[in-house]
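*Asks:*
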Amino acid sequence: ACPPPPPPPDTPPPPKLQVREPMVSPVQPPPVTVNIEPTKKEDRQEYVGPPVIVPGPPPPPAPPAPPRPSVITNVDWARRPTADFPERAQSRGIEAGSATLVCTVAPNGAAQNCEVVSEDPAGAGFGQAALRGARQARFAPSTVDGVAQGGRARFTVRFRLQ
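Take the sequence shown: its position 125, counted from the start at 1, is 155 in my numbering, and no numbers get skipped.
1. What three-state label does DSSP hand Phe156 in the structure shown?
2. Bridge partners for Gln179 per DSSP, in chain order?
3. I need the DSSP call for Gly127, collapsed to helix, strand or coil.
4. For Glu149, count neighbouring Cβ atoms within 10 angstroms of its own Cβ and tell me buried if that reaches 16, exposed if not.
5. Alpha carbon to alpha carbon, how far is Thr134 from Phe169?
6. Helix or strand or just coil, what does DSSP make of Ala140?
7. Since Arg118 is in the alpha helix (DSSP H), which residue starts that stretch and which ends it?
8. Looking at Ala159 and Val146, is the spacing between their C-beta atoms short of 7 angstroms?
9. Is Pro88 close to the ligand ADP? I mean its beta-carbon at under 6 angstroms from any heavy atom of the ligand.
10. Taking the Cβ atom as the reference point for each residue, do Gly155 and Ala126 lie within a distance shorter than 7 angstroms?
11. Spatial neighbours of Gln142 within its chain, please: CB distance less than 6 angstroms, with the 5 preceding and 5 following residues excluded, ordered by chain position.
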């Protein structure tokens, strides 16, 4: 059997350090006096010409305008709008008319959010009849790199009493 290990020697604990904040005493630097002698009148040169304009840097260029959605005016139809001649026009003895619409074209060719831009003659119902006909119309959508694109289209629907 081995004898037990000897007890550890008594070592005093490490001293506790006391951190003292440095004392900062407000010290004002002494005022500095600079003596500047005025320029004598006879040493001055007066400038009597027009004021000198020093150009500043040029303004930055305006940011480019966002691309406006193009409006297709030469429309390719997959299915043309068909519209009935308006009763209001017929009852007034009007035999022909037209309405111009602007529609959003979905990528699948559907006409959406159509608005009447003009109708001739005004108030004869051609605009409303054209809107009803546009619901069944289909555009042949344009493609970019083989992908169908939506857009805006402007077209005129013409009416003639048969």
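We treat Cβ as the ideally placed atom computed from N, Cα and C, and that holds for glycine.
*Replies:* According to the structure shown:
1. Residue 156 sits at position 126 when you count from the first residue of the sequence shown. Correct three-state label for Phe156: helix.
2. One-based indexing of the sequence shown puts residue 179 at position 149. Answer is Ser172, bridged to Gln179.
3. The residue given as residue 127 occupies position 97 in the sequence shown. Gly127: strand per DSSP, three-state reduction.
4. Taking the sequence shown and counting its residues from 1, the one referred to as residue 149 is at position 119. With 16 or more other Cβ atoms within 10 Å, it is buried.
5. Within the sequence shown, numbered from 1, the residue matching residue 134 stands at position 104. Within the sequence shown, numbered from 1, the residue matching residue 169 stands at position 139. Distance between the alpha carbons of Thr134 and Phe169 is about 10 angstroms.
6. As a position in the sequence shown, residue 140 is number 110, starting the count at 1. Ala140: strand per DSSP, three-state reduction.
7. To locate residue 118, count along the sequence shown from 1; it is residue 88. Run containing Arg118: Glu117 to Ser121, per the alpha helix (DSSP H) assignment.
8. Position 116 of the sequence shown, counted from the start, is the residue given in the question as residue 146. Position 129 of the sequence shown, counted from the start, is the residue given in the question as residue 159. In this structure, Ala159 does not lie closer than 7 angstroms to Val146 by Cβ.
9. Absence of the ligand ADP is noted for the structure shown, with no ligands found whatsoever.
10. Translated into the one-based positions of the sequence shown, residue 155 becomes position 125. Translated into the one-based positions of the sequence shown, residue 126 becomes position 96. No.
11. Taking the sequence shown and counting its residues from 1, the one referred to as residue 142 is at position 112. Here the set comprises Thr134 and Ala136.
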